[in-house]
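A.B. asks: The following block contains the structure, expressed as structure tokens.
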Amino acid sequence: MPSASRSRSALCICFIKFTSQRAILVYWDNGYAKYEWRSSSAVRTRARIRRTGDPQEPLPGTLAADASVVQAWDGIEMSAAIWCPEEAPYMKLREFKHSYASRDRVLTLLLLESAEPRAWDRAWQDGESYDQFVANERLPVR
Numbered sequence: 003m004p005s006a007s008r009s010r011s012a013l014c015i016c017f018i019k020f021t022s023q024r025a026i027l028v029y030w031d032n033g034y035a036k037y038e039w040r041s042s043s044a045v046r047t048r049a050r051i052r053r054t055g056d057p058q059e060p061l062p063g064t065l066a067a068d069a070s071v072v073q074a075w076d077g078i079e080m081s082a083a084i085w086c087p088e089e090a091p092y093m094k095l096r097e098f099k100h101s102y103a104s105r106d107r108v109l110t111l112l113l114l115e116s117a118e119p120r121a122w123d124r125a126w127q128d129g130e131s132y133d134q135f136v137a138n139e140r141l142p143v144r
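As structure tokens, this is what we get:
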């Protein structure tokens, strides 16, 4: 990878690491997702990209899937639910795209609207382990 491309990738990764915004960076290699990095606020709100298969291909209707768009420095705004299935349809995100000229590689940066952190399901912590077994009519073997 040329040094300018490495610098751009490193800059995007540093942005994800240190931003307070909800952001997701996806690195596509030969048409498949190779890496996904999420900012800490994206992790707290459980924002993640929609999975459609393994290996993951770009989602239809996105800049990542549009080969005719090489660069999108200003990005485009769209419903966050297109990329992130847990997001409400009214939530917005801005998708940016950078394609590497010499290889079939693409960086996609998603900036999501801010949202409150989602509560984690802690139902499994309600009660003792023994109580959980009894409630499920499964007594532990002693």
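In my numbering, each number is its position in the sequence shown, counted from 1, plus 2. Don't be surprised by glycine CBs; every beta carbon is placed ideally from N, CA and C.
Going by Cα to Cα distance, which pick from H100, L112, L114 and E115 is closest to S202?
C.D. replies: Absent from the structure is residue 202, since the part of the chain shown begins at 3 and ends at 144.
A.B. asks: Could you say if the region 67-77 and the region 41-54 meet the contact criterion of at least three C-beta pairs nearer than 8 Å?
C.D. replies: no
A.B. asks: May I ask you to report which of helix, strand or coil DSSP gives L51?
C.D. replies: Translated into positions along the sequence shown, residue 51 becomes position 49. Checking the displayed sequence, the identity of residue 51 turns out to be Ile instead of Leu. Three-state result, I51: coil.
A.B. asks: If we ignore side chains and look at the alpha-carbon of each, how far apart do P60 and S22 end up?
C.D. replies: The residue labelled residue 60 in the question sits at position 58 within the sequence shown. The residue labelled residue 22 in the question sits at position 20 within the sequence shown. In this structure, the CA atom of P60 is about 26 Å from the CA atom of S22.
A.B. asks: Taking the alpha carbon of R96 as the reference point, which residue from I84, T54 and S70 has its own alpha carbon closest?
C.D. replies: What you label residue 96 is simply residue 94 of the sequence shown in a count that begins at 1. Of the candidates I84, T54 and S70, the one whose C-alpha sits nearest the C-alpha of R96 is I84.
A.B. asks: Tell me whether R105 sits in a helix, a strand or coil according to DSSP, three-state version.
C.D. replies: Counted from its first residue, the sequence shown places residue 105 at position 103. It is coil, neither helix nor strand.
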